[in-house]
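Report on the following structure.
There are 2 protein chains.
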Amino acid sequence: MEFKIERAKQLKEKPVETKLGFGRHFSDHMLVIDYTEGIGWHDGRIIPYGPIEMDPACMVLHYAQETFEGLKAYRHTDGSIALFRPEINAQRLIKSNERLCMPPVPVDLFLKGIEELVKYEQDWVPKEPRTSLYIRPFCFATESGVGLHPAKKYKFVVILSPVGDYYPEGVNPVKIWVEDEYVRAVKGGTGFAKCGGNYAASIAAQVKAEQNGYTQVLWLDGVHRKYVEEVGTMNVMFLINDTVVTTPLEGSILPGVTRDSIITLLKDWRVTVEERHLSIDELMEAGRTGALKEAFGTGTAAVISPIGELHYKDETVIINDFKTGKLTKKLYDTLTGIQWGRVEDPYHWVKILK
Amino acid sequence: MEFKIERAKQLKEKPVETKLGFGRHFSDHMLVIDYTEGIGWHDGRIIPYGPIEMDPACMVLHYAQETFEGLKAYRHTDGSIALFRPEINAQRLIKSNERLCMPPVPVDLFLKGIEELVKYEQDWVPKEPRTSLYIRPFCFATESGVGLHPAKKYKFVVILSPVGDYYPEGVNPVKIWVEDEYVRAVKGGTGFAKCGGNYAASIAAQVKAEQNGYTQVLWLDGVHRKYVEEVGTMNVMFLINDTVVTTPLEGSILPGVTRDSIITLLKDWRVTVEERHLSIDELMEAGRTGALKEAFGTGTAAVISPIGELHYKDETVIINDFKTGKLTKKLYDTLTGIQWGRVEDPYHWVKILK
Numbered sequence: 001m002e003f004k005i006e007r008a009k010q011l012k013e014k015p016v017e018t019k020l021g022f023g024r025h026f027s028d029h030m031l032v033i034d035y036t037e038g039i040g041w042h043d044g045r046i047i048p049y050g051p052i053e054m055d056p057a058c059m060v061l062h063y064a065q066e067t068f069e070g071l072k073a074y075r076h077t078d079g080s081i082a083l084f085r086p087e088i089n090a091q092r093l094i095k096s097n098e099r100l101c102m103p104p105v106p107v108d109l110f111l112k113g114i115e116e117l118v119k120y121e122q123d124w125v126p127k128e129p130r131t132s133l134y135i136r137p138f139c140f141a142t143e144s145g146v147g148l149h150p151a152k153k154y155k156f157v158v159i160l161s162p163v164g165d166y167y168p169e170g171v172n173p174v175k176i177w178v179e180d181e182y183v184r185a186v187k188g189g190t191g192f193a194k195c196g197g198n199y200a201a202s203i204a205a206q207v208k209a210e211q212n213g214y215t216q217v218l219w220l221d222g223v224h225r226k227y228v229e230e231v232g233t234m235n236v237m238f239l240i241n242d243t244v245v246t247t248p249l250e251g252s253i254l255p256g257v258t259r260d261s262i263i264t265l266l267k268d269w270r271v272t273v274e275e276r277h278l279s280i281d282e283l284m285e286a287g288r289t290g291a292l293k294e295a296f297g298t299g300t301a302a303v304i305s306p307i308g309e310l311h312y313k314d315e316t317v318i319i320n321d322f323k324t325g326k327l328t329k330k331l332y333d334t335l336t337g338i339q340w341g342r343v344e345d346p347y348h349w350v351k352i353l354k
Numbered sequence: 001m002e003f004k005i006e007r008a009k010q011l012k013e014k015p016v017e018t019k020l021g022f023g024r025h026f027s028d029h030m031l032v033i034d035y036t037e038g039i040g041w042h043d044g045r046i047i048p049y050g051p052i053e054m055d056p057a058c059m060v061l062h063y064a065q066e067t068f069e070g071l072k073a074y075r076h077t078d079g080s081i082a083l084f085r086p087e088i089n090a091q092r093l094i095k096s097n098e099r100l101c102m103p104p105v106p107v108d109l110f111l112k113g114i115e116e117l118v119k120y121e122q123d124w125v126p127k128e129p130r131t132s133l134y135i136r137p138f139c140f141a142t143e144s145g146v147g148l149h150p151a152k153k154y155k156f157v158v159i160l161s162p163v164g165d166y167y168p169e170g171v172n173p174v175k176i177w178v179e180d181e182y183v184r185a186v187k188g189g190t191g192f193a194k195c196g197g198n199y200a201a202s203i204a205a206q207v208k209a210e211q212n213g214y215t216q217v218l219w220l221d222g223v224h225r226k227y228v229e230e231v232g233t234m235n236v237m238f239l240i241n242d243t244v245v246t247t248p249l250e251g252s253i254l255p256g257v258t259r260d261s262i263i264t265l266l267k268d269w270r271v272t273v274e275e276r277h278l279s280i281d282e283l284m285e286a287g288r289t290g291a292l293k294e295a296f297g298t299g300t301a302a303v304i305s306p307i308g309e310l311h312y313k314d315e316t317v318i319i320n321d322f323k324t325g326k327l328t329k330k331l332y333d334t335l336t337g338i339q340w341g342r343v344e345d346p347y348h349w350v351k352i353l354k
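Chains as they are written, first to last, in our numbering: chain A, 1 to 354; chain B, 1 to 354.
Pasting the structure below:
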């Protein structure tokens, strides 16, 4: 598919790169591709960023048939622009769409769309340390009608946002509230899919955590209310003695690109990684005895977010004196080093845009 | 709040009332009210039905912060128009919004909005038997930004659709597939809220049921995969011997207006109603022995939908020779009789628009 291009009449002023925040500024153009049952994906176009006209009965506004992805473009010191494992995002979107009975966006179309849009908007890839261009591909049902069924029309849209740190704390440790009332997902549901409904359901717990003075929540599983699942919108890992423990991919958590990359790094470093169920009781006990050396969330937006404190019921444990741990720091430096082109990439994760 | 009114330049041709289907036609006007944090609900207006302009980063398209309601306006034989217990929908929307950290639409504003819109569009309330005007109020986040937090801006919109029967089968029995792979909701999640994410998650099971020759699914609970929850998007009731058994409201199922009305009718008729956990094993055994006399789904869209067949794993049970049961029929006739003004309404459920 060749994309038609319509250039914006007026370009925006770029935001100050040291004060970007996360997801507040958007670039001048976006990619839009339509889907119609019987025709497939069609009318790909790069057009000025601006409002989309939606029928009030369009199904996404009622039944949330919507999925998304998140990845970043990084500015290397030689001026080139890199993507990080974008094909994994493409494959995950296919899985998400399948769960929601939405048509797959072919991997090639996903990659071509992102690459052409980012190249077209390359002046929007920031240069300051710890900044990047966040890429948000998303898919949603546009068919009108309030009967519930898989829609016959969709849009795939990609928007771009220059970003700094996700958390105001930067890469400093955050305080985590272990949530035992709200549930994020359960096996058989949509936990492994990156779909809007999971995020809508999670907001109440996040607000509750913040009201209690915590940055994010640690989710427990929905069946036993016992096993650790995710932290906020990130996967989560714990260094217990010499072993990194993380939740296995069994349908209720998101298969994170950062999670997978970190497991690869750890295994290469001969650190034992256990993908297994970890109960909150075992975790709190490890916190009490000091066996819990480090803890961190992993995700595209924040990359790695160290956890300095866990609060569960009436108990609080402090991890590594509320300092970023050595392994956490090494992982962050290595992964972001690869992403920003400062560290060798033996895994061929980085894809330089040509 | 007074609503501004902008009349459509051209009115649509009304669809043929005997061929309405469900949710395919929309009236000439809609109600829109905006919400801004710090200001509250403002700028209520009745305007021509038409596209809403949405920023591509608006949060509803990414994180599904969206809720809705469903109720109907009925044409009585004297030409007057009736709503059915609309205050229950208003109260439920408040609960749904609370779960999704969205601002409540005050009950008075909800009722005034619907009443004024329906009166303005009264020619759209159909007159044919078994038709009504389906009212779809919905709320969604309009703030732009891809950081996850409760939005600061929302819209509350009401659209109207003249409808006939929800199922092509009408009030004839449907075949139900008992789903043991996909899960609709779990306690601690959003099962009790009428939010888009629940419906997006349910589509895959519905498609699977249809592929197997069934109209809808019967959901089992997400924890034990054992207890009956809902049928499709309806509550479900079973007449086992002389007792009606239905799922209790414990957070994972929707508190249906029709469910509540039917329980009231049954209790008045001195039929024993048990709101209790019913395992699929007990249900199938009741089907085998013939203790299961009748079964039906209840909801605003279909009102009452008799169940003629249940399929679970490798077993099929037929209920009441695949005929609509006596109690089911009596409930349908009484409830729709009250709604359409043909049967006395001792409960003051019907609200005639003045």
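All C-beta atoms, glycine included, are put in the ideal place defined by N, C-alpha and C.
Under 9 Å Cβ-Cβ, which residues of chain A neighbour residue i?
i       : result
B/Ala73 : Correct list: empty, because the minimum Cβ distance to chain A is about 15 Å.
Check the Cβ-Cβ distances between residue i and every residue of chain A, and say whether any is below 7 Å.
i        : result
B/Gln65  : yes
B/Ile159 : yes
B/His62  : yes
B/Ala204 : yes
B/Glu53  : yes
Is the CB-CB distance between residue i and residue j below 7 Å?
i        : j        : result
A/Tyr134 : A/Val163 : yes
B/Tyr199 : A/Tyr182 : no
B/Thr334 : B/Leu265 : yes
A/Thr272 : A/Thr247 : no
A/Glu210 : A/Val245 : no
A/Phe140 : A/Glu66  : yes
B/Ile46  : B/His25  : no
B/Glu229 : B/Ile253 : yes
A/Tyr74  : A/Gln339 : yes
B/Val146 : A/Gly222 : no
B/Lys194 : B/Ser305 : no
A/Pro360 : B/Asp55  : Residue 360 of chain A lies beyond the stretch modelled for chain A, which goes from 1 to 354, so this question has no answer here.
A/Val107 : A/Ala82  : no
A/Thr406 : A/Arg99  : Past the boundaries of the shown model lies residue 406 of chain A; chain A is included only from 1 to 354, so the question cannot be answered.
A/Gly325 : B/Gly197 : no
Secondary structure at residue i, three-state DSSP: helix, strand or coil?
i        : result
B/Asp268 : helix
A/Ala82  : strand
B/Gly138 : Residue 138 of chain B is actually Phe in this sequence, not Gly. Residue state, collapsed to three classes: strand.
B/His42  : strand
A/Arg75  : strand
B/Tyr167 : coil
A/Glu17  : helix
B/Ile280 : helix
B/Trp124 : helix
A/Asp34  : strand
A/Ser261 : helix
Which residues in chain A have a C-beta closer than 7 Å to the C-beta of residue i? List them in chain order.
i        : result
B/Met30  : Pro56
B/Ala201 : Gly189, Thr190, Gly197
B/Ala286 : Simply none; closest approach about 25 Å.
Using a Cβ-Cβ distance under 7 Å, would residue i count as near chain B?
i        : result
A/Gly189 : yes
A/Pro15  : no
A/Ala209 : no
A/Leu100 : yes
A/Pro104 : no
A/Tyr182 : yes
A/Phe68  : yes
Check the Cβ of residue i against every Cβ in chain B and list those closer than 7 Å, keeping chain order.
i        : result
A/Phe138 : Leu61, His62
A/Gly147 : Phe22, Gly23
A/Thr233 : Leu148
A/Phe26  : Ala57
List the residues of chain A whose Cβ lies closer than 8 Å to the Cβ of residue i, in chain order.
i        : result
B/Val223 : Val186, Gly222, Val223
B/Pro162 : Within chain A, no residue comes near B/Pro162; the closest Cβ sits about 12 Å away, beyond 8 Å.
B/Tyr49  : Pro56
query: Would you say the stretch 33-47 of chain B touches the stretch 30-44 of chain A, given that touching needs at least three Cβ pairs under 8 Å?
result: no
- prompt: Pairing CB atoms from the stretch 251-261 of chain A with CB atoms from the stretch 297-306 of chain A, are three or more of them under 8 Å?
  reply: Contact holds between the stretch 251-261 of chain A and the stretch 297-306 of chain A, because three or more Cβ pairs, one in each stretch, are under 8 Å apart.
query: Okay, do the stretch 317-326 of chain A and the stretch 286-293 of chain A touch, 3+ Cβ pairs below 8 Å being the bar?
result: yes
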